[in-house]
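Read through the structure below, which is laid out as structure tokens, and then see the notes.
Okay, here's the thing in structure tokens:
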């Protein structure tokens, strides 16, 4: 180990640095001016043209029906074709004139869009479809035979086989819309209704993935319940429609084959607050609806009238003192009524269970009888709210926190509940006994009982779904999605509070790509219950995701956690777990390095607070715990095994405290990692084989020697460089804001960029010799005030701050400087959001620039800002981006695809996308030209005698036979390794040509025509 704190051997700052800095600033200004004139140059995030065009076309193609007090028949669209059998109100004159105005400017707009699209995108690169995403917070949908499970996500409804837990089919939603709700048809079990954010309801056949019907109802459906219409084999959709108000509307959607029946709808309830749940029983006879503090129960009157427009309901409601988090209802029909009375005249006993935020479950048995008793005592029947105490519910209280979900068993004898405790609780109502299934992997959000009552489907808060058998409570199905940090819509910044908004929620998600398998490793939280993640949650786990198979393959803990312990501190608060901040994999894929950090909760620091905010903050930060952990891949166990833990890899000697680690990178030349911390040191960590008396100490497998990781080199970072002083004094007056590292491709050079808290100091990039630990050059001409990333591509150094700067390390001068604009984000906050990744495989680098815009929604109450990201791919030698695309959502991670070309991005909805060069047309390698073989003839000289003639003739025949054998052997085509490599490495593994094309190409190599033949042979 060498500690280099002395003066470097070579000069760190040239005397002409100031003049070069001025030239760099002038160049940045000139480029910024050119950027205003020429649109392609600036990396300015702007709205996606494709998405805007799509939305406009949809609005034109499918007009929203005009709404009034009466229900309006709507014209269904079957596979994109309107049904001619059903009339639709004609458009107004105003609507007819608007398209003409748009057509007048159409040529100009079309040219602008084509030019802008050409500037933004390139045919050389492509963006893959999304993979992953979170399951929607609704009950999982069982197929009637319980062999399949339907799980909606934002962009698709996925069908999984319960026997294998594998994805069987995917029903995607096109355009810019996202799925809001889904429900199975009550009349045809192979049909499912999907409602999206564009106001479209689509009927799918989930068994073959075909569309059956499509209707534009013009509103957003947040909850959906479907029952069979009385005396008809048709579906009735009870939909919670959200907009300026919240209402429950019943839709009868009809397709072309249902003619002459028409699509119709009727609103049955209007609520003043958002609806949180809906359940419908007995073909719409009973409807139960919940809001945050009220329960509405509707019972249909005029049961003999089955037309939708004749549906009338008598509503009763009662208010709760605590917030309602969930509810479950169960209908019991007396045995005598089932035999003697028709279905419409049967009495229904409604049992209701309500889960509250304090963990209590309120149980109401036969609530209709209680309503009648109270109404008779009041001698009036009004719609006024009934007091909760007058209903006298039973109180079941075991949960410490809010109840996540509560459901009834099929026979009504049990209640099944779950919440943040990760415990499934079964309540036996007749005896009051409880049965617990503890230690589930995350908080319970939704529970559903299968149609046959043999299974429980449970949606957990870590984006996974498990199916348990009701008899043994053993898991039969385990479906897992990407579990990375999720940012919900209500966590986005608001327009009015943008200045005080903390963008730490959008900080980088640790992500690494395994160079051996191409799999992605993500740092993930243990649980993310919806509505509770107001701040940044710890990420103590690592999840491995296989892009090729589109499914996770592993999950393991990287820090201490509360998987088997109650997550409750002595004061009743949550126990905070350590969080993985940085993660990197070695170049050979054998070692994984992580940095995890832990800080005590601020509420636990009351006993040391002295009244001064600065001192309290200093005392709190001094208790930080930071660990560098090196993990070794175990092939036998198929997991990462902890090999070395280094406490406080960076530390403050004066206060004996752990220092924050800013960056962690892997050495591309071999096993090794580099870190930089707030203690102003750059440290290189390398492995060493253990020896005992000259003998290698071997591990349990007795095949490999044990390895110890230790500090190899330590380099001190100075604040400022003063070349006027003879001894080159290192000033340490400034506070370090952030720092980033970058290795060269051969590992001989390590670049360390430093950004200081002072706005007056623009920062510095040190070029470090990794062999000696000496600083060979200090680049001060690049502004690093809002330092976001650093990378080395070949001979070029790339730094991302307020600009994208490309520095030539050979000529030692600035090559390019691209301005960055981040609307809605200040320069200080942008360092947490702008991403940089470098791919040495194709010699490019990618930059992801976020932006927040005001929502374009007409709803005045919508004050959340819309987030998007502009991703650009550059070549350091070119002045313009090779490829640019606007992507909806904020990118939380950007990493190069190891051992292949392209990049992988992760957004705030836990969706992965791949940016890769498009595969060129598959061409067979052309074999080298071959000379014609020598033909053997039997002609002889007539001057030779008889004996010589026979001998020579015999030898010639032998030569001809031997050459024929050699030519026959050589006729087999010789396939060189580079020819196969040219076929199979034409692109990344996830974008290879079809298997049949690969097979045909290989067969063509081994089945070429014979090169030549021997004269006279048959």
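In the UniProt record's numbering, the protein residues as written are 1 to 1018.
Backbone N, C-alpha and C define an ideal beta-carbon position, used for all residues, glycine too.
The structure presented is a predicted model; accordingly, all values stated were derived computationally and were not measured.
Handout entry: Among 519, 510, 517, the one whose alpha carbon lies nearest that of residue 541
Key = Indexing the chain shown from 1 puts residue 541 at position 541. Taking only the C-alpha atoms, the option nearest residue 541 is 510.
Practice task
Identify every residue that forms a DSSP beta bridge with residue 896.
Solution key: Taking the chain shown and counting its residues from 1, one reaches residue 896 at position 896. Looking at the DSSP assignment, residue 896 forms a beta bridge with 903.
Exercise for the section: Can you have a look at residue 462 and say buried or exposed, based on whether 16 or more other CB atoms are within 10 angstroms of its CB? Expected result: In the chain shown, counting from the first residue as 1, residue 462 sits at position 462. Buried.
Exercise for the section: Report yes if the CB atom of residue 321 is closer than 8 Å to the CB atom of residue 388, and no otherwise. Expected result: To locate residue 321, count along the chain shown from 1; it is residue 321. To locate residue 388, count along the chain shown from 1; it is residue 388. Yes, the Cβ-Cβ distance between residue 321 and residue 388 is below 8 Å.
Exercise for the section: For residue 97, collect the residues of the same chain with a Cβ closer than 7 Å to its Cβ; drop the 5 residues on either side in sequence, then sort them by chain order. Expected result: Taking the first residue of the chain shown as 1, we reach residue 97 at position 97. For residue 97, the predicted model reports a pLDDT of 32, less than 50, meaning its position is unreliable; a value from the coordinates is still stated below. Within the same chain, residue 97 has no close Cβ partners at all.
Exercise for the section: Tell me the start and end of each unbroken beta strand (DSSP E) in the UniProt repeat "WD" (396-437) that is at least 3 residues and wholly inside, in chain order. Expected result: 403-408, 414-419, 424-428, 434-437
Handout entry: residue 995 in three-state terms, based on DSSP
Key = Here the question's residue 995 lines up with position 995 in the chain shown. Note: residue 995 maps to helix in three-state DSSP.
Exercise for the section: Tell me, to the nearest whole angstrom, how far the beta carbon of residue 686 is from that of residue 671; I am working on the premise that it is less than 8 Å. Expected result: Numbered from its first residue, the chain shown carries residue 686 at position 686. Numbered from its first residue, the chain shown carries residue 671 at position 671. Confirmed, Cβ separation roughly 7 Å.
Handout entry: C-alpha distance - residue 847 paired with residue 901, whole-angstrom precision
Key = Residue numbering aside, residue 847 sits at position 847 when the chain shown is read from its first letter. Residue numbering aside, residue 901 sits at position 901 when the chain shown is read from its first letter. Answer to the nearest angstrom: the Cα atoms are 15 Å apart.
Exercise for the section: Tell whether a beta-carbon distance below 8 Å holds between residue 218 and residue 255. Expected result: Numbered from its first residue, the chain shown carries residue 218 at position 218. Numbered from its first residue, the chain shown carries residue 255 at position 255. No, the Cβ-Cβ distance between residue 218 and residue 255 is not below 8 Å.
Practice task
Taking 8 Å as the threshold, find out whether the region 588-605 comes into contact with the region 622-632 through three or more Cβ pairs.
Solution key: yes
Exercise for the section: Could you pull out every residue in the same chain whose Cβ sits closer than 6 Å to the Cβ of residue 351, ignoring the five residues on either side in sequence? Expected result: Counted from its first residue, the chain shown places residue 351 at position 351. So the list reads 330, 365, once near-sequence residues are dropped.
Problem - Residue from 788, 825, 169, 295 whose Cα sits closest to the Cα of residue 837 - result: Against the chain shown, residue 837 aligns to sequence position 837. With distances taken between Cα atoms, residue 837 lies closest to 788.
Practice task
Please name the residue in 520, 196, 409 whose C-alpha comes closest to that of residue 1068.
Solution key: It is not possible to answer for residue 1068, since the shown part of the chain is limited to 1 through 1018.
Practice task
Would you list the residues sitting across from residue 210 in a DSSP beta bridge?
Solution key: Taking the first residue of the chain shown as 1, we reach residue 210 at position 210. Its beta-bridge partners are 205.
Problem - Assigned secondary structure, residue 745 (DSSP; H/G/I helix, E/B strand, else coil) - result: Looking up residue 745 in the chain shown gives position 745. Three-state DSSP puts residue 745 in coil, outside helix and strand.
Exercise for the section: Would you mind sorting residue 766 into buried or exposed? The rule is 16 or more other CB atoms within 10 Å of its CB. Expected result: Reading the chain shown from its first residue, position 766 is the one you call residue 766. Its Cβ being crowded by 16 or more others within 10 Å, residue 766 is buried.
Handout entry: Cα-Cα separation between residue 478 and residue 399, rounded to whole angstroms
Key = As a working mapping, residue 478 is identified with position 478 in the chain shown. As a working mapping, residue 399 is identified with position 399 in the chain shown. C-alpha separation (whole angstroms): 25 Å.
Practice task
Measure the Cβ-Cβ separation of residue 747 and residue 669 and say whether it is below 8 Å.
Solution key: Sequence index remark: in the chain shown, residue 747 carries index 747 (1-based). Sequence index remark: in the chain shown, residue 669 carries index 669 (1-based). Contact: yes.
Handout entry: Distance, residue 609 Cα to residue 620 Cα
Key = Here residue 620 corresponds to residue number 620 of the chain shown, with the count starting at 1. Here residue 609 corresponds to residue number 609 of the chain shown, with the count starting at 1. Looking at the two C-alpha atoms, the distance is approximately 9 Å.
Problem - Where residue 503 falls: helix, strand or coil (DSSP) - result: On the chain shown, residue 503 is found 503 positions in, with the first residue counted as 1. Residue state, collapsed to three classes: helix.
Problem - Classification of residue 548 by the beta-carbon crowding that lies within 10 angstroms, buried from 16 upward - result: Working through the chain shown from its first residue, we reach residue 548 at position 548. The residue in question, residue 548, is exposed, as its Cβ has fewer than 16 Cβ neighbours within 10 Å.
Handout entry: Through-space distance from residue 663 to residue 804, alpha-carbon basis
Key = Translated into the one-based positions of the chain shown, residue 804 becomes position 804. Translated into the one-based positions of the chain shown, residue 663 becomes position 663. For residue 804 and residue 663, the distance between alpha carbons rounds to 19 Å.
Practice task
Use the C-beta contact count for residue 270: other C-beta atoms within 10 angstroms, 16 or more gives buried, fewer gives exposed.
Solution key: Taking the first residue of the chain shown as 1, we reach residue 270 at position 270. Exposed, because fewer than 16 other Cβ atoms sit within 10 Å of the Cβ of residue 270.
Problem - Outcome for residue 489 when other beta-carbon atoms lying within 10 angstroms are tallied against a minimum of 16 - result: To locate residue 489, count along the chain shown from 1; it is residue 489. Exposed, since its Cβ has fewer than 16 Cβ neighbours within 10 Å.
Handout entry: residue 929, DSSP secondary structure in three states
Key = Mapped onto the chain shown, residue 929 falls at position 929. Confidence at residue 929 is low in this model, with a pLDDT of 48, below 50, so its placement is unreliable and no value can be given for it.
Handout entry: Cross-strand partners of residue 796 (DSSP beta bridge)
Key = Here residue 796 is taken as the residue at index 796 of the chain shown, counted from 1. 793, 808, per the DSSP bridge assignment.
Practice task
Mind checking which residues open and close the alpha helix (DSSP H) that includes residue 608?
Solution key: For the purposes of this step, residue 608 is identified with residue 608 of the chain shown, where counting begins at 1. Premise fails: residue 608 is in no alpha helix (DSSP H) and is neither H nor E.
Handout entry: Nearest residue (CA-CA) to residue 646, options 594, 637, 166
Key = Reading the chain shown from its first residue, position 646 is the one you call residue 646. Cα-wise, what sits closest to residue 646 is 594.
Exercise for the section: Rounded to whole angstroms, what's the CA-CA distance from residue 361 to residue 603? Just pull it up for me. Expected result: Taking the first residue of the chain shown as 1, we reach residue 361 at position 361. Taking the first residue of the chain shown as 1, we reach residue 603 at position 603. Distance between the alpha carbons of residue 361 and residue 603: 30 Å.
Exercise for the section: Would you mind giving the Cβ-Cβ distance between residue 354 and residue 286, rounded to the nearest angstrom? I have them listed as a contact below 8 Å. Expected result: Stepping through the chain shown from its first residue, residue 354 is reached at position 354. Stepping through the chain shown from its first residue, residue 286 is reached at position 286. With a Cβ gap of about 16 Å, residue 354 and residue 286 do not count as contacting.
Practice task
Quick one: grab the DSSP three-state call for residue 774.
Solution key: Translated into positions along the chain shown, residue 774 becomes position 774. Looking at residue 774 - three-state DSSP - the assignment turns out to be coil, as it is neither helix nor strand.
Practice task
Please determine if the region 492-512 and the region 465-478 are in contact, where contact requires at least 3 C-beta pairs separated by less than 8 Å.
Solution key: no
Handout entry: Any beta strand (DSSP E) of 3 or more consecutive residues that is wholly inside the region 600-671
Key = 625-634, 639-647, 661-666
Problem - residue 448 to residue 127 span [Cα, whole Å] - result: Reading the chain shown from its first residue, position 448 is the one you call residue 448. Reading the chain shown from its first residue, position 127 is the one you call residue 127. Each residue's Cα considered, the two are about 37 Å apart.
Practice task
Taking the CB atoms as reference points, tell me whether residue 785 and residue 755 lie closer together than 8 Å.
Solution key: By one-based count along the chain shown, residue 785 stands at place 785. By one-based count along the chain shown, residue 755 stands at place 755. Result yes, Cβ atoms of residue 785 and residue 755 sit closer than 8 Å.
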